[in-house]
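Peer 1:
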Amino acid sequence: MIRDQSVRLVNVLSRRKSIEEEESYDTKIRLKRVLGLMDLTCLGIGSTLGLGAYVLAGAVAKTAAGPAVVLSFMVAATASAFAAMCYAEFAARVPKAGSAYVYSYVTVGELPAFIIGWDLVLEYVIGAASLARGLSNYIDSLLGKAMSKFLLEHLPIHVSFLSPYPDFLTFFLIVIVAGLIAWGVRESTLLNNVFTTINLLTLTTVVVAGSFYIDKKNWSLEKDEIPETDDFDKPIRGGEGGFMPFGVSGVMSGAATCFYGYVGFDGIATTGEEAKNPKRNIPLAIVLSLIVITIAYIAGACILTLMLPYYLQDPDAPLPHVFDKVNLTPVRYIVTIGAIFAMSTSLLCCAFPVPRVLYCMGRDRLLFSPFSKLSSRTQTPVLAITFAGLLSAITGSLFNLDQLIDMMSIGTLMAYTVVAVCVLILRYKVKEGGEQLEESSSSDEDTPRVSPTSASAKRAFCALSAYSSRVSAGYLFYPRDC
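Residue numbers (the numbering used here): 39 to 520.
#1: Would you kindly report the start and end of the unbroken alpha helix (DSSP H) that includes H196?
#2: Between which two residues does the alpha helix (DSSP H) holding P356 run?
#3: Would you kindly work out how many angstroms separate the C-alpha atoms of G155 and L396, rounded to a whole number?
#4: Would you grab the beta carbon distance between I83 and T309 for me? Rounded to a whole angstrom, and I think it's under 8 Å.
#5: In three-state DSSP terms, what is Y203?
#6: Indicate the three-state DSSP secondary structure (helix, strand or coil) for T418 in the structure shown.
#7: Are the CB atoms of T240 and F379 within a distance shorter than 9 Å?
#8: Could you check which residue in A307, A122, K254 and D402 has the C-alpha nearest to that of F281?
#9: How many Å lie between A114 and A334 at the Cα?
#10: Whole angstroms is fine: what's the gap from V459's alpha carbon to S137's?
#11: Given this structure, state the Cα-to-Cα distance separating L207 from C296, to the nearest angstrom.
#12: Among the residues of its own chain, which have a CB less than 7 Å from the CB of A453, if the five just before and after it don't count?
#13: Which residue's Cα is closest to the Cα of L81: S414, C340 and L229?
#14: State the beta-bridge partners of T267 as determined by DSSP.
#15: With K317 and A130 assumed to form a contact (beta carbons below 8 Å), what rounded beta-carbon distance in angstroms separates them?
#16: Assuming W156 is part of the alpha helix (DSSP H), what are its boundary residues?
#17: Quick one: what does DSSP say A99 is sitting in, helix, strand or coil?
#18: Identify which residue in W221, G288 and V330 has its Cα closest to the Cα of G299.
#19: Taking one C-beta from the region 423 to 440 and one from the region 92 to 112 each time, how about it: are there three or more such pairs within less than 8 Å?
#20: In whole angstroms, what separates the C-alpha of I264 from that of M290?
#21: Judging by CA-CA distance, which residue of A122, L464, L436 and F390 is the nearest neighbour of A135?
#22: For the alpha helix (DSSP H) containing Y371, list its first residue and its last residue.
#23: Could you tell me the alpha carbon to alpha carbon distance between L405 and V144, rounded to whole angstroms?
#24: Compare the Cα-Cα distances from A121 to each of V456, G147 and P283 and report the closest residue.
#25: Alpha carbons only, please: which of F111, T101 and L73 is nearest the one belonging to L328?
#26: Take S249 as the anchor and find which of A337, R171, G277 and I219 has the nearest alpha-carbon.
#27: Quick check: what's the CA-CA separation for A106 versus L200?
#28: Short check: CB of I177 to CB of L385, under 9 Å?
#29: Just to confirm the assignment, what range does the alpha helix (DSSP H) spanning K317 have?
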């Protein structure tokens, strides 16, 4: 009896959902397919290329890698590309809303899906809260810390693990963003496209203007050319000089920091039911956004370290500091405005996926079913948006930025790990009666291996790409043949 009940419990917790079950849902509880390739790409760029584009390069150059911060970004981009290919492959095979939650549900079962679903909610809620808190701190600094001084004086919080004061601006910023998302997918993505374009134009202006003030010598400084103290008599940590003043260890340490500048592209995978032609557009959008982000980071890092020696960088506001040094005040103001738009679009893009995950879990009855109800006017999950918005707003207003970033990192690493494992499970299965593994197909029937000698060039290209990533090359260029 106990054994039978245990087996039944294990079967229930490990039961998997088929793609056919996803297709069988009533059209009344499905999201509208309105997002094109440009919308999806801007969603990935906007969620990733936030304040990090304005801060990360200078901070890593001064404290970890020197001019070799360029290599740190390349290493981080390579690591992110592996994770991106996993998401791209899943998005092509399982083009449904929910990202890693749905991917784990169709491969490893219900209990892991429930856990990873809440993990995604944690990641995106805390991500939105941290971005809103960062934007609030940035606006507060532009106002001379007037808001924080007032709240510290009149509404202090004397709890060690909470923020020193309740940040009401963070709360209202998230409420406004939640309202924009509930307004409709078309409207919120149009606004995101505009903000992302302004962000990219700002970074382009920085690169073009800075290119007239570069000095190649800043990449090959000798150790004896580095002063011992700065203008404020503080000791300078200059390392050994040259392009890699802190050695390979500095490059890898910088890469670990730079990796979190690439977090956010996975939000594209939550739009599986809102994307037009998701099997093609979602993988392409993930790849395109990663390419644009990498170019932006590397170009910005090159300009920063060529304009000013790495040991003189300002880790908190490197771009305004560099342009102040060369007396380009107009560009400094452009950077200030661009940073506000960058953080705004990152906040919008980070808050966008949470309701989609809650919507999927509600539809699967792993959360309250009202989360899956859509507004008849906007065709968006309003209750899920409201819940996620309030949770993010309360979290952001009560916790400080460092605590939020640490918690978000845990959720991100867990999601990436689960998706990578699920790709292996999806791609291979054990043959009946043997231990040999074979590649599994995205359909019900097994697809035979393709031999380059017996297939056309297109099919050979697809078969070759399947070894590393089913989507990475063959699927993107020959989707019908793969």
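We put the beta carbon where it would ideally sit given N, CA and C, even for glycine.
Peer 2: Let me spell this out:
#1: Translated into the one-based positions of the sequence shown, residue 196 becomes position 158. First-last for H196: undefined, no H or E at that position.
#2: Position 318 of the sequence shown, counted from the start, is the residue given in the question as residue 356. Taken as a continuous stretch (DSSP letters only), the alpha helix (DSSP H) holding P356 covers P356 to K363.
#3: Within the sequence shown, numbered from 1, the residue matching residue 155 stands at position 117. Within the sequence shown, numbered from 1, the residue matching residue 396 stands at position 358. Going by the C-alpha atoms only, they are around 8 Å apart.
#4: Here residue 83 is taken as the residue at index 45 of the sequence shown, counted from 1. Here residue 309 is taken as the residue at index 271 of the sequence shown, counted from 1. That pair is no contact at about 14 Å.
#5: Residue 203 sits at position 165 when you count from the first residue of the sequence shown. Of the three classes helix, strand and coil, the one that applies to Y203 here is coil, per DSSP.
#6: Counted from its first residue, the sequence shown places residue 418 at position 380. Coil, per DSSP.
#7: As a first step, residue 379 must be located in the sequence shown, where it is residue number 341. As a first step, residue 240 must be located in the sequence shown, where it is residue number 202. A contact, by the Cβ cut-off of 9 Å.
#8: The residue given as residue 281 occupies position 243 in the sequence shown. Nearest C-alpha to F281: K254.
#9: In the sequence shown, the residue the question calls residue 114 occupies position 76. In the sequence shown, the residue the question calls residue 334 occupies position 296. Roughly 13 Å between the two C-alpha positions.
#10: Here residue 459 is taken as the residue at index 421 of the sequence shown, counted from 1. Here residue 137 is taken as the residue at index 99 of the sequence shown, counted from 1. Taking the straight line from one Cα to the other gives about 14 Å.
#11: Position 169 of the sequence shown, counting from 1, holds the residue named residue 207. Position 258 of the sequence shown, counting from 1, holds the residue named residue 296. Rounded to the nearest angstrom, the two C-alpha atoms are 28 Å apart.
#12: Here residue 453 is taken as the residue at index 415 of the sequence shown, counted from 1. Around A453: A138, I154, D157, L158, E161 and D304.
#13: In the sequence shown, counting from the first residue as 1, residue 81 sits at position 43. For L81, the closest of S414, C340 and L229 by C-alpha to C-alpha distance is L229.
#14: The residue given as residue 267 occupies position 229 in the sequence shown. Looking at the DSSP assignment, T267 forms a beta bridge with P273.
#15: Counting from 1 along the sequence shown, the entry for residue 317 is found at position 279. Counting from 1 along the sequence shown, the entry for residue 130 is found at position 92. At roughly 5 Å, the Cβ-Cβ gap stays under 8 Å, so K317 and A130 are in contact.
#16: Taking the sequence shown and counting its residues from 1, the one referred to as residue 156 is at position 118. That run of the alpha helix (DSSP H) goes E148 to L180.
#17: Stepping through the sequence shown from its first residue, residue 99 is reached at position 61. Here A99 sits in helix by DSSP.
#18: If you number the sequence shown from 1, residue 299 lands on position 261. Per the Cα distances, V330.
#19: no
#20: Along the sequence shown, read from residue 1 onward, the residue named residue 264 stands at position 226. Along the sequence shown, read from residue 1 onward, the residue named residue 290 stands at position 252. Straight-line Cα distance between these residues: approximately 23 Å.
#21: Residue numbering aside, residue 135 sits at position 97 when the sequence shown is read from its first letter. Among A122, L464, L436 and F390, the Cα nearest to that of A135 belongs to F390.
#22: Along the sequence shown, read from residue 1 onward, the residue named residue 371 stands at position 333. Its alpha helix (DSSP H) spans residues T367 to A389.
#23: Working through the sequence shown from its first residue, we reach residue 405 at position 367. Working through the sequence shown from its first residue, we reach residue 144 at position 106. Taking the straight line from one Cα to the other gives about 17 Å.
#24: As a position in the sequence shown, residue 121 is number 83, starting the count at 1. Checked all of V456, G147 and P283; the closest Cα to A121 is V456.
#25: To locate residue 328, count along the sequence shown from 1; it is residue 290. Ranking F111, T101 and L73 by Cα distance to L328 puts F111 first.
#26: By 1-based counting over the sequence shown, the position of residue 249 is 211. Of A337, R171, G277 and I219, the residue nearest in Cα terms is A337.
#27: On the sequence shown, position 68 is the one that residue 106 refers to. On the sequence shown, position 162 is the one that residue 200 refers to. Each residue's alpha carbon lies about 37 Å from the other.
#28: As a working note, residue 177 is residue 139 in the sequence shown. As a working note, residue 385 is residue 347 in the sequence shown. It is not a contact, given that the beta carbons lie outside the stated cut-off.
#29: What you label residue 317 is simply residue 279 of the sequence shown in a count that begins at 1. Unbroken alpha helix (DSSP H) run through K317: P316 to M345.
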